[in-house]
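Sequences listed follow chains B and S, in order.
The first sequence begins at 1 in the UniProt record's numbering and counts up one residue at a time.
The second sequence begins at 1 in the UniProt record's numbering and counts up one residue at a time.
Using N, Cα and C, we set each Cβ at its ideal position, and we do this for glycine too.
Source: prediction; values computed, not measured.
Written below as structure tokens is the structure these notes are about.
There are 2 protein chains.
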Amino acid sequence: MFSKACEYGIKASIFIALNSYKNVRVSLKSIAKEINSPEAFTAKILQDLVRHHVINSMKGAYGGFEIEKELISTVKLSHIVNAIDGDAIYSGCGLGLHTCDENHPCPVHHKFKSVREELKSMLENTNLEELALNIKSGASFLKV
Amino acid sequence: MFSKACEYGIKASIFIALNSYKNVRVSLKSIAKEINSPEAFTAKILQDLVRHHVINSMKGAYGGFEIEKELISTVKLSHIVNAIDGDAIYSGCGLGLHTCDENHPCPVHHKFKSVREELKSMLENTNLEELALNIKSGASFLKV
DNA sequence: TCAAAATAGGATAAAATTATCCGAATTAAA
DNA sequence: TTTAATTCGGATAATTTTATCCTATTTTGA
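Rendered as structure tokens:
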């Protein structure tokens with residue numbers, strides 16, 4: 001569904017959000033450990049998220065990654081997915097046609113419509129806050 | 001969403017079905033031309049579909065690919081997707097966790113539930129017959 | 001000011017996916 | 001029986017994705 005990079009990016013963002021509530025900046029190392037991801041590869045993804053202003057970074061001692069507390073509830077899953085994978089997953093053609101729309105639909109265009117729309121609205125209506133709270137309460141998990 | 005291989009596989013299957021209604025066996029070459037795919041790569045995918053009994057092949061002159069007419073309506077999109085991509089797309093964890101279920105859900109498990117289920121039922125309830133008929137009637141297209 | 005702790009970023013490698021090439025095997029018609 | 005038209009299957013190459021390594025740069029505290 002998502003690329004590995006995107007999976008890591010989502011999990012990392014949740015962990016960062018969780019700590020930002022506690023005013024704690026987290027290091028690459030602790031992120032990779034927490035979400036079970038390769039460190040150097042995760043670094044690239046985090047850089048990407050920083051460039052897209054999904055998260056903030058701070059170099060140097062006591063540096064790390066964070067998200068402004070007030071912004072956590074405004075960061076949608078769609079922002080993260082878009083930054084890493086682009087929007088092809090919910091706006092591209094399911095069969096890879098260059099032009100695929102109501103006037104020139106691919107064979108599964110209409111069949112896919114509701115799936116795509118449900119996915120899109122899910123991504124656009126899910127924010128980091130709720131995801132972080134579920135991790136905090138033990139209702140969901142970042143690894144295993 | 002799907003791999004390129006899977007996209008080609010779906011389109012090829014539709015084209016084969018369409019011709020099988022007319023009792024015409026289609027060659028690799030005409031398939032690749034019709035669905036705009038690289039010939040040799042398409043050959044590999046068709047071999048895969050043959051091995052999974054989604055389509056039949058006949059070697060030699062006047063050979064090619066076909067699907068038994070009576071079976072066309074029984075071939076579901078899920079069969080094709082499964083043969084090529086496996087079932088991870090609608091049964092695997094959205095964030096790649098090894099174990100992700102009601103008892104140990106990943107952060108997006110519940111959010112994804114309806115999307116996954118909709119996708120799954122769509123794939124399991126869409127058969128080649130309807131897809132082929134829409135191509136035939138000009139209601140949908142295999143390329144561009 | 002210096003040392004330690006971090007992220008940033010470029011270069012490279014490994015693995016997976018996508019794509020190509022070619023000879024072998026099979027089939028039907030001439 | 002030969003020939004032409006096919007699929008099959010193995011080897012290989014190109015591209016993309018995933019992953020690693022190393023050095024530069026930044027930041028803070030001692």
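Spatial neighbours of residue i in its chain, beta-carbon cut-off 6 angstroms, leaving aside the 5 residues before and after
i	result
Ser-37 (chain B)	Tyr-8
Nearest to residue i (by Cα), restricted to the options the options
i	options	result
Ser-27 (chain B)	B:Met-58, B:Ile-14, B:Ile-10	B:Met-58
Ile-14 (chain B)	B:Ala-139, B:Ser-137, B:Glu-129, B:Gly-138	B:Glu-129
Lys-22 (chain S)	S:Ala-43, S:Leu-133, S:Phe-41	S:Leu-133
Glu-118 (chain B)	B:Ser-73, B:Ala-139, B:Ser-78, B:Ser-137	B:Ser-78
Ala-5 (chain B)	B:Phe-41, B:Asn-19, B:Arg-25, B:Ile-31	B:Phe-41
Ile-80 (chain S)	S:Met-122, S:Gly-64, S:Glu-102	S:Met-122
Val-108 (chain B)	S:Gly-60, S:Lys-76, S:Lys-29	S:Lys-76
Ile-72 (chain B)	B:Ala-83, B:Ala-61, B:Ile-55	B:Ile-55
Ala-139 (chain S)	B:His-104, B:Asn-82, B:Tyr-90	B:His-104
residue 146 (chain S)	S:Arg-51, S:Lys-113, S:Thr-74	In the structure as shown, chain S starts at 1 and stops at 144, and residue 146 (chain S) therefore has no counterpart that could be examined.
Val-115 (chain B)	S:Gly-64, S:Lys-136, S:Lys-44, S:Ile-89	S:Ile-89
His-52 (chain B)	B:Ala-61, B:Gly-86, B:Glu-70, B:Gly-63	B:Gly-86
Neighbour list for residue i in chain B, Cβ cutoff strictly below 8 angstroms
i	result
Val-144 (chain S)	Leu-97, His-98, Thr-99, His-104
Val-115 (chain S)	Val-115, Glu-118, Leu-119, Met-122
Paired residues, beta bridge with residue i - DSSP
i	result
His-104 (chain S)	S:Asp-101
Asn-127 (chain B)	B:Lys-76
Chain B contact residues for residue i, given Cβ-Cβ distances below 7 angstroms
i	result
Lys-136 (chain S)	The contacting residues do not exist; Lys-136 (chain S) stays about 11 angstroms from chain B at best.
His-109 (chain S)	Ser-140
7 angstroms CB neighbourhood of residue i in its chain, flanking five on each side removed
i	result
Ile-35 (chain B)	Tyr-8, Lys-11, Ala-12, Phe-15, Leu-142, Lys-143
Cys-106 (chain B)	Cys-93, Gly-94, Leu-95, Leu-97, Cys-100
Chain-ordered neighbours of residue i on chain S, where CB pairs are closer than 9 angstroms
i	result
residue 149 (chain B)	Residue 149 (chain B) falls outside the range modelled here, since chain B spans only 1 to 144, and no answer is possible.
Ile-89 (chain B)	Met-1
Own chain, CB closer than 8 angstroms to residue i, minus 5 neighbours either side, in chain order
i	result
Asn-19 (chain S)	Arg-25, Val-26, Glu-66
Glu-39 (chain B)	Leu-28, Lys-29, Ala-32
Leu-49 (chain B)	Gly-9, Ala-12, Ser-13, Ile-55, Ile-80, Ala-83, Ile-84
Ala-17 (chain B)	Ile-67, Ile-72, Val-75, Leu-128, Glu-129, Leu-131, Ala-132
message: Quick check on the DSSP output: what are the complete alpha helix (DSSP H) runs of length 4 or more inside the stretch 8-92 of chain B, in order along the chain?
response: 28-35, 39-51, 77-85, 88-91
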